[in-house]
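Visitor:
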Amino acid sequence: MPPKTKEKGAQKKKKNSSAGEADVEPESRHRLAMLEKELLRDHLALRRDEARQAKASEDQLKKRLQGLEAELEGARSEGKAIYAEMSRQHRALQEEMDTRSRQLEEEVRGLREQLETSKREAEAARRAAEQALRERDQMLAQLQAHVADMEAKYEEILHGSLNQLLAKLRAIKPQWDEAALRLHARHKEQLRQFGLNPLDL
1 MPPKTKEKGA
11 QKKKKNSSAG
21 EADVEPESRH
31 RLAMLEKELL
41 RDHLALRRDE
51 ARQAKASEDQ
61 LKKRLQGLEA
71 ELEGARSEGK
81 AIYAEMSRQH
91 RALQEEMDTR
101 SRQLEEEVRG
111 LREQLETSKR
121 EAEAARRAAE
131 QALRERDQML
141 AQLQAHVADM
151 EAKYEEILHG
161 SLNQLLAKLR
171 AIKPQWDEAA
181 LRLHARHKEQ
191 LRQFGLNPLD
201 L
(Lines of atoms letter the chains of each structure in order from A and count residues from 1; the text may use other names and numbers.)
(Lines give C-alpha, C1' and ligand atoms only; values in the text may rest on other atoms or scores of the structure.)
Protein backbone atom coordinates (compact mmCIF):
# COMPACT_ATOMS: atom_id res chain seq x y z
CA MET A 1 0.00 0.00 0.00
CA PRO A 2 1.34 3.53 -0.77
CA PRO A 3 1.82 5.92 2.17
CA LYS A 4 -1.35 7.71 3.26
CA THR A 5 0.42 11.05 3.22
CA LYS A 6 0.90 10.82 -0.53
CA GLU A 7 -2.76 9.93 -1.00
CA LYS A 8 -3.77 12.87 1.14
CA GLY A 9 -1.41 15.10 -0.82
CA ALA A 10 -2.94 13.91 -4.08
CA GLN A 11 -6.44 14.48 -2.70
CA LYS A 12 -5.48 17.92 -1.42
CA LYS A 13 -3.91 18.76 -4.75
CA LYS A 14 -7.06 17.56 -6.48
CA LYS A 15 -9.23 19.73 -4.20
CA ASN A 16 -7.01 22.76 -4.82
CA SER A 17 -7.18 22.06 -8.53
CA SER A 18 -10.96 21.88 -8.38
CA ALA A 19 -11.15 25.11 -6.38
CA GLY A 20 -8.90 26.93 -8.84
CA GLU A 21 -11.06 25.91 -11.76
CA ALA A 22 -14.43 26.96 -10.34
CA ASP A 23 -14.85 29.55 -13.09
CA VAL A 24 -13.90 27.28 -15.97
CA GLU A 25 -16.69 26.46 -18.35
CA PRO A 26 -18.43 23.15 -17.59
CA GLU A 27 -16.93 21.26 -20.50
CA SER A 28 -13.33 22.37 -19.79
CA ARG A 29 -13.77 21.73 -16.06
CA HIS A 30 -15.21 18.27 -16.70
CA ARG A 31 -12.42 17.35 -19.12
CA LEU A 32 -9.76 18.52 -16.68
CA ALA A 33 -11.41 16.67 -13.77
CA MET A 34 -11.61 13.46 -15.81
CA LEU A 35 -7.95 13.79 -16.84
CA GLU A 36 -6.85 14.38 -13.25
CA LYS A 37 -8.96 11.51 -12.02
CA GLU A 38 -7.60 9.15 -14.68
CA LEU A 39 -4.00 10.19 -14.02
CA LEU A 40 -4.35 9.78 -10.26
CA ARG A 41 -6.14 6.46 -10.64
CA ASP A 42 -3.41 5.12 -12.94
CA HIS A 43 -0.71 6.40 -10.62
CA LEU A 44 -2.32 4.89 -7.51
CA ALA A 45 -2.95 1.59 -9.26
CA LEU A 46 0.66 1.50 -10.44
CA ARG A 47 2.00 2.28 -6.97
CA ARG A 48 -0.25 -0.36 -5.38
CA ASP A 49 0.85 -2.98 -7.89
CA GLU A 50 4.51 -2.12 -7.37
CA ALA A 51 4.08 -2.13 -3.59
CA ARG A 52 2.41 -5.55 -3.74
CA GLN A 53 5.18 -6.88 -5.96
CA ALA A 54 7.85 -5.44 -3.68
CA LYS A 55 6.15 -6.90 -0.61
CA ALA A 56 5.82 -10.28 -2.28
CA SER A 57 9.47 -10.19 -3.34
CA GLU A 58 10.52 -9.15 0.15
CA ASP A 59 8.46 -11.93 1.80
CA GLN A 60 9.85 -14.49 -0.59
CA LEU A 61 13.38 -13.29 0.03
CA LYS A 62 12.90 -13.44 3.81
CA LYS A 63 11.65 -17.01 3.60
CA ARG A 64 14.59 -18.03 1.47
CA LEU A 65 17.01 -16.33 3.85
CA GLN A 66 15.44 -18.09 6.85
CA GLY A 67 15.78 -21.42 5.09
CA LEU A 68 19.39 -20.72 4.30
CA GLU A 69 20.11 -19.70 7.89
CA ALA A 70 18.61 -23.01 9.09
CA GLU A 71 20.82 -24.91 6.64
CA LEU A 72 23.84 -22.92 7.80
CA GLU A 73 23.36 -24.33 11.29
CA GLY A 74 23.78 -27.88 9.94
CA ALA A 75 26.41 -27.32 7.26
CA ARG A 76 28.62 -24.25 7.64
CA SER A 77 30.75 -24.78 4.58
CA GLU A 78 27.82 -25.26 2.24
CA GLY A 79 25.83 -22.58 4.02
CA LYS A 80 28.49 -19.94 3.44
CA ALA A 81 28.36 -20.46 -0.29
CA ILE A 82 24.59 -20.42 -0.32
CA TYR A 83 24.46 -17.36 1.90
CA ALA A 84 26.92 -15.56 -0.36
CA GLU A 85 24.77 -16.39 -3.39
CA MET A 86 21.63 -15.26 -1.64
CA SER A 87 23.35 -12.08 -0.56
CA ARG A 88 24.28 -11.44 -4.15
CA GLN A 89 20.70 -12.08 -5.26
CA HIS A 90 19.44 -9.84 -2.49
CA ARG A 91 21.71 -7.04 -3.62
CA ALA A 92 20.61 -7.56 -7.19
CA LEU A 93 16.97 -7.46 -6.14
CA GLN A 94 17.62 -4.41 -3.99
CA GLU A 95 19.30 -2.67 -6.88
CA GLU A 96 16.39 -3.61 -9.12
CA MET A 97 13.92 -2.29 -6.56
CA ASP A 98 15.91 0.92 -6.21
CA THR A 99 15.98 1.31 -9.96
CA ARG A 100 12.25 0.68 -10.18
CA SER A 101 11.63 3.12 -7.34
CA ARG A 102 13.59 5.80 -9.18
CA GLN A 103 11.59 5.05 -12.33
CA LEU A 104 8.34 5.40 -10.41
CA GLU A 105 9.51 8.70 -8.95
CA GLU A 106 10.30 9.91 -12.44
CA GLU A 107 6.86 8.83 -13.61
CA VAL A 108 5.28 10.67 -10.67
CA ARG A 109 7.22 13.80 -11.57
CA GLY A 110 6.13 13.42 -15.18
CA LEU A 111 2.49 13.02 -14.16
CA ARG A 112 2.73 16.07 -11.94
CA GLU A 113 4.23 18.08 -14.77
CA GLN A 114 1.43 16.92 -17.07
CA LEU A 115 -1.10 17.90 -14.43
CA GLU A 116 0.44 21.35 -14.07
CA THR A 117 0.47 21.72 -17.85
CA SER A 118 -3.20 20.72 -17.99
CA LYS A 119 -3.99 23.27 -15.28
CA ARG A 120 -2.16 26.00 -17.16
CA GLU A 121 -3.92 25.07 -20.40
CA ALA A 122 -7.28 25.04 -18.63
CA GLU A 123 -6.57 28.45 -17.10
CA ALA A 124 -5.54 29.81 -20.48
CA ALA A 125 -8.70 28.35 -22.03
CA ARG A 126 -10.79 29.92 -19.26
CA ARG A 127 -9.20 33.31 -19.81
CA ALA A 128 -9.68 33.01 -23.57
CA ALA A 129 -13.33 32.03 -23.08
CA GLU A 130 -13.91 34.96 -20.75
CA GLN A 131 -12.26 37.32 -23.24
CA ALA A 132 -14.40 35.91 -26.05
CA LEU A 133 -17.52 36.37 -23.93
CA ARG A 134 -16.56 39.95 -23.14
CA GLU A 135 -15.94 40.66 -26.82
CA ARG A 136 -19.24 39.04 -27.75
CA ASP A 137 -21.13 41.04 -25.15
CA GLN A 138 -19.46 44.23 -26.35
CA MET A 139 -20.31 43.41 -29.96
CA LEU A 140 -23.91 42.60 -29.03
CA ALA A 141 -24.19 45.88 -27.17
CA GLN A 142 -22.83 47.76 -30.18
CA LEU A 143 -25.20 45.92 -32.52
CA GLN A 144 -28.16 46.58 -30.25
CA ALA A 145 -27.26 50.26 -30.06
CA HIS A 146 -26.91 50.36 -33.85
CA VAL A 147 -30.26 48.60 -34.34
CA ALA A 148 -31.94 50.97 -31.90
CA ASP A 149 -30.43 53.95 -33.74
CA MET A 150 -31.54 52.54 -37.10
CA GLU A 151 -35.05 51.91 -35.77
CA ALA A 152 -35.25 55.47 -34.48
CA LYS A 153 -34.06 56.83 -37.84
CA TYR A 154 -36.48 54.62 -39.80
CA GLU A 155 -39.32 55.63 -37.50
CA GLU A 156 -38.41 59.30 -37.97
CA ILE A 157 -38.28 58.86 -41.78
CA LEU A 158 -41.59 56.95 -41.78
CA HIS A 159 -43.34 59.55 -39.66
CA GLY A 160 -41.93 62.32 -41.87
CA SER A 161 -43.11 60.57 -45.03
CA LEU A 162 -46.57 59.93 -43.59
CA ASN A 163 -46.84 63.54 -42.44
CA GLN A 164 -45.86 64.75 -45.89
CA LEU A 165 -48.39 62.39 -47.51
CA LEU A 166 -51.15 63.55 -45.16
CA ALA A 167 -50.27 67.17 -45.86
CA LYS A 168 -50.48 66.54 -49.60
CA LEU A 169 -53.79 64.71 -49.19
CA ARG A 170 -55.18 67.56 -47.14
CA ALA A 171 -54.02 70.07 -49.75
CA ILE A 172 -55.51 68.18 -52.69
CA LYS A 173 -58.76 67.03 -50.97
CA PRO A 174 -60.72 70.23 -51.77
CA GLN A 175 -59.81 69.85 -55.45
CA TRP A 176 -60.92 66.21 -55.42
CA ASP A 177 -64.16 67.11 -53.66
CA GLU A 178 -64.85 69.87 -56.18
CA ALA A 179 -64.05 67.62 -59.15
CA ALA A 180 -66.22 64.86 -57.70
CA LEU A 181 -69.14 67.28 -57.28
CA ARG A 182 -68.78 68.54 -60.85
CA LEU A 183 -68.60 64.99 -62.18
CA HIS A 184 -71.66 64.01 -60.13
CA ALA A 185 -73.66 67.02 -61.35
CA ARG A 186 -72.71 66.29 -64.96
CA HIS A 187 -73.81 62.65 -64.66
CA LYS A 188 -77.12 63.69 -63.10
CA GLU A 189 -77.71 66.16 -65.93
CA GLN A 190 -76.93 63.50 -68.53
CA LEU A 191 -79.36 61.09 -66.84
CA ARG A 192 -82.09 63.75 -66.89
CA GLN A 193 -81.42 64.36 -70.57
CA PHE A 194 -82.13 60.67 -71.17
CA GLY A 195 -85.29 60.94 -69.10
CA LEU A 196 -83.96 59.03 -66.13
CA ASN A 197 -84.28 60.00 -62.51
CA PRO A 198 -80.89 59.65 -60.75
CA LEU A 199 -82.65 58.75 -57.51
CA ASP A 200 -84.23 55.69 -59.12
CA LEU A 201 -80.85 54.25 -60.04
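Numbering (the UniProt record's numbering), first residue to last: 1 to 201. Quick reminder that beta carbons are idealized off the backbone N, C-alpha and C, glycines included. Quick caveat: nothing in here was measured; it's all calculated off a predicted structure.
Take G110 as the anchor and find which of E27, H43, H30 has the nearest alpha-carbon.
Guide: Per the Cα distances, H43.
Visitor: At a cut of 8 Å, does the stretch 123 to 135 reach the stretch 62 to 70 through at least three beta carbon pairs?
Guide: Taking 8 Å as the limit for Cβ pairs, the verdict is that the stretch 62 to 70 does not touch the stretch 123 to 135.
Visitor: Helix, strand or coil: which one does DSSP assign to G67?
Guide: Here G67 sits in helix by DSSP.
Visitor: Drop a sphere of 10 angstroms on the beta-carbon of A122, count the other beta-carbons inside from all chains shown, and report buried for 16 or more, exposed for fewer.
Guide: It counts as buried.
Visitor: Hey, L39 and L93 are a contact pair by Cβ (cut 8 Å); roughly how many whole angstroms apart?
Guide: Not confirmed; about 29 Å, so no contact.
Visitor: If we count the other Cβ atoms within 10 Å of its Cβ and call it buried at 16 or more, is E36 buried or exposed?
Guide: Answer is buried; the Cβ neighbour count reaches 16.
Visitor: Roughly how many angstroms lie between the CA atoms of D177 and Q138, to the nearest whole one?
Guide: Cα-Cα distance, rounded: 57 Å.
Visitor: Buried or exposed: where does L133 fall if 16 or more other Cβ atoms within 10 Å of its Cβ makes it buried?
Guide: Per the 10 Å Cβ criterion, exposed.
Visitor: Please state the DSSP three-state secondary structure of E25.
Guide: Three-state result, E25: coil.
Visitor: Check whether the Cβ atoms of M97 and A51 lie closer than 8 Å to each other.
Guide: Not in contact: M97 and A51 (Cβ atoms no closer than 8 Å).
Visitor: By DSSP, does L196 sit in helix, in strand, or in coil?
Guide: In the structure shown, L196 sits in coil (DSSP, three-state: anything other than H, G, I, E or B).
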